[in-house]
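Using UniProt numbering, the first residue of the sequence shown is number 1, and each one after it goes up by one. C-beta atoms are modelled at their ideal positions from N, C-alpha and C, and glycine is treated no differently.
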Amino acid sequence: MLFEDESKNRMMETKELFDWVLKQPCFEKTSFMLFLNKFDIFEEKVLKVPLNVCEWFKDYRPMSTGKQEVEHAYEFVKKKFEELYFQSTSPDRVDRVFKVYRTTALDQKLVKKTFKLVWADLAPLLQFKNMAITNVADGIISFLTHPTITTAEGRLMCCTFMAVLWEIWCSRNMARFQGRDMSAKHIINRSMLSVRAICTTAHFQKISQPWLAALCQSNSRNEIPNVILPKAVRWITPPRGRLKLNVDGAFNMMSDEAGGGGILRDHKGNMCCAFVMSYHDLKSSLEAEAVALRDGLSMCCIKGFKEVMVEIDSLNLLHIVTNQLQCPWELSLILQGIATLIKRVKAEISHVPWEGNKVADCLAGFALSCVHLTTWDSWADLPNTGRDPYRLDKVGCPSIEP
Numbered sequence: 001m002l003f004e005d006e007s008k009n010r011m012m013e014t015k016e017l018f019d020w021v022l023k024q025p026c027f028e029k030t031s032f033m034l035f036l037n038k039f040d041i042f043e044e045k046v047l048k049v050p051l052n053v054c055e056w057f058k059d060y061r062p063m064s065t066g067k068q069e070v071e072h073a074y075e076f077v078k079k080k081f082e083e084l085y086f087q088s089t090s091p092d093r094v095d096r097v098f099k100v101y102r103t104t105a106l107d108q109k110l111v112k113k114t115f116k117l118v119w120a121d122l123a124p125l126l127q128f129k130n131m132a133i134t135n136v137a138d139g140i141i142s143f144l145t146h147p148t149i150t151t152a153e154g155r156l157m158c159c160t161f162m163a164v165l166w167e168i169w170c171s172r173n174m175a176r177f178q179g180r181d182m183s184a185k186h187i188i189n190r191s192m193l194s195v196r197a198i199c200t201t202a203h204f205q206k207i208s209q210p211w212l213a214a215l216c217q218s219n220s221r222n223e224i225p226n227v228i229l230p231k232a233v234r235w236i237t238p239p240r241g242r243l244k245l246n247v248d249g250a251f252n253m254m255s256d257e258a259g260g261g262g263i264l265r266d267h268k269g270n271m272c273c274a275f276v277m278s279y280h281d282l283k284s285s286l287e288a289e290a291v292a293l294r295d296g297l298s299m300c301c302i303k304g305f306k307e308v309m310v311e312i313d314s315l316n317l318l319h320i321v322t323n324q325l326q327c328p329w330e331l332s333l334i335l336q337g338i339a340t341l342i343k344r345v346k347a348e349i350s351h352v353p354w355e356g357n358k359v360a361d362c363l364a365g366f367a368l369s370c371v372h373l374t375t376w377d378s379w380a381d382l383p384n385t386g387r388d389p390y391r392l393d394k395v396g397c398p399s400i401e402p
């Protein structure tokens, strides 16, 4: 956050960059989330080097020592950025929000250990020729330009390599922002599931025995305790003669914007109709999801569809609708409407992971920018963000659930 090392200060550069961004016309209505990064490292540094060595913090006055001083210094830095923000923002501009958060750094030894375990396990399959390469960029370019990449096995190696890079990045983020442990086994399992899905979709032929063994291998949960194994999730078509409605809601805490969307499809995955709508004066994502469910059922009722299967990705909402959880008072009127519509449509509501509800999720996100209720009867008219997941659902392409 503050120092790259004890002799070089990056805070003034950060201040100038933030000030420049705030004054750009294109960001005039943009809300900001500022992450004061690596708080644990800041704690170590601020006890070694006085905060007021930075020109921007000349007016800082230490108040104590130890943990109290660290908190005092952190609040001072936070206040400085807030002052900078309000200098460039008119007091009557309520559509621009600024919030500050703190994050911590990761244990670099743990991260490096995880990386080494992952690459050591996959080295025989990926056939690394030079394990001594220390320049990451050179190593990646060297690997991806290997001539065997044009063969089926070469394409498998490339897919696996890129899948592993992605899963390492995801694992690092979950460790940093959600406090979850990094696991080499978990990264490898998720990567191989992604590659197996690619093989199925792309119809890879002439796969060698080592690769077949790696792709077909299934680890029992007993072999890797304390690790949640990933699984492939795809949208499932309803039975012939039935329709399936997927709905979702979206809520932006920064701007208090909310919206909902949904799509109704038949047993072939063909779209019957879809909707998006922005909502006002809502206070939570649960409320947005409830209103979206009500609007989706209302769409089915208006169009005369009966015995509709409904999927939502909010387990809390499902438990409230099915009376397994007490309904919050602010949702009581919405839930009354949902209960009435369920009876009219003869709907069956079930839970689906987010990975199986991507089209509705994309529509809900799109709804945040809509002014009025918008409906479509053709998938070709869907917003760009919704077309790709719609196509993938239609061909049965799975996603990987953490």
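Cα-Cα, which of 295, 285, 182 is closest to residue 316? On the sequence shown, residue 316 is found 316 positions in, with the first residue counted as 1. The candidate whose alpha carbon is nearest that of residue 316 is 285.
What number of angstroms, rounded off, separates the C-alpha of residue 34 from the C-alpha of residue 193? Taking the first residue of the sequence shown as 1, we reach residue 34 at position 34. Taking the first residue of the sequence shown as 1, we reach residue 193 at position 193. Distance between the alpha carbons of residue 34 and residue 193: 35 Å.
Please state whether DSSP places residue 343 in a helix, a strand or coil. By 1-based counting over the sequence shown, the position of residue 343 is 343. It is helical.
Measure the C-alpha to C-alpha separation of residue 365 and residue 187 and round it to an integer number of angstroms. Within the sequence shown, the letter at position 365 stands for residue 365. Within the sequence shown, the letter at position 187 stands for residue 187. The alpha-carbon atoms of residue 365 and residue 187 are separated by roughly 29 Å.
Return helix, strand or coil for residue 204, following the three-state DSSP convention. Working through the sequence shown from its first residue, we reach residue 204 at position 204. Of the three classes helix, strand and coil, the one that applies to residue 204 here is coil, per DSSP.
In whole angstroms, what is the alpha-carbon distance linking residue 61 and residue 88? Within the sequence shown, residue 61 is the residue found at index 61, counting from 1. Within the sequence shown, residue 88 is the residue found at index 88, counting from 1. Between residue 61 and residue 88, the C-alpha separation is close to 26 Å.
With DSSP as the reference, please indicate the residues paired to residue 99 in a beta bridge. Stepping through the sequence shown from its first residue, residue 99 is reached at position 99. Its beta-bridge partners are 33.
So for residue 229, helix, strand or coil by DSSP? Sequence index remark: in the sequence shown, residue 229 carries index 229 (1-based). Any reading at residue 229 needs caution, since the residue's pLDDT is 48, under 50, leaving its predicted position unreliable; the model's value is listed next. Here residue 229 sits in coil by DSSP.
Are there three or more Cβ pairs, one per stretch, closer than 8 Å when the region 297-315 is compared with the region 251-260? no
Under three-state DSSP, which class holds residue 371? Taking the sequence shown and counting its residues from 1, one reaches residue 371 at position 371. Reduced to three states, the DSSP call for residue 371 is coil.
Whole angstroms are fine: how far does the CA of residue 352 sit from the CA of residue 270? As a working note, residue 270 is residue 270 in the sequence shown. As a working note, residue 352 is residue 352 in the sequence shown. One C-alpha to the other measures close to 19 Å.
In the DSSP assignment, the alpha helix (DSSP H) including residue 244 goes from what residue to what residue? Numbered from 1 along the sequence shown, position 244 holds the residue referred to as residue 244. Taken as a continuous stretch (DSSP letters only), residue 244 belongs to no alpha helix (DSSP H), being part of the beta strand (DSSP E) at 243-252.
State the Cα-Cα distance for the pair residue 234 and residue 392, rounded to the nearest angstrom. Translated into positions along the sequence shown, residue 234 becomes position 234. Translated into positions along the sequence shown, residue 392 becomes position 392. Cα to Cα, the separation comes out at about 9 Å.
For residue 273, the residue or residues it bridges with in DSSP: Counting from one through the sequence shown, the residue named residue 273 turns up at place 273. In DSSP, residue 273 forms a bridge with 264.
From residue 120 to residue 126, what distance separates their C-alpha atoms? Here residue 120 corresponds to residue number 120 of the sequence shown, with the count starting at 1. Here residue 126 corresponds to residue number 126 of the sequence shown, with the count starting at 1. Their Cα atoms are separated by approximately 10 Å.
Assigned exposure category for residue 114 - 16 Cβ within 10 Å defines buried: Residue mapping note: residue 114 aligns to position 114 of the sequence shown, counting from 1. When all chains shown are included, residue 114 counts as buried.
Residues bridged to residue 309 [DSSP beta-bridge criterion]: Residue mapping note: residue 309 aligns to position 309 of the sequence shown, counting from 1. Looking at the DSSP assignment, residue 309 forms a beta bridge with 244, 348.
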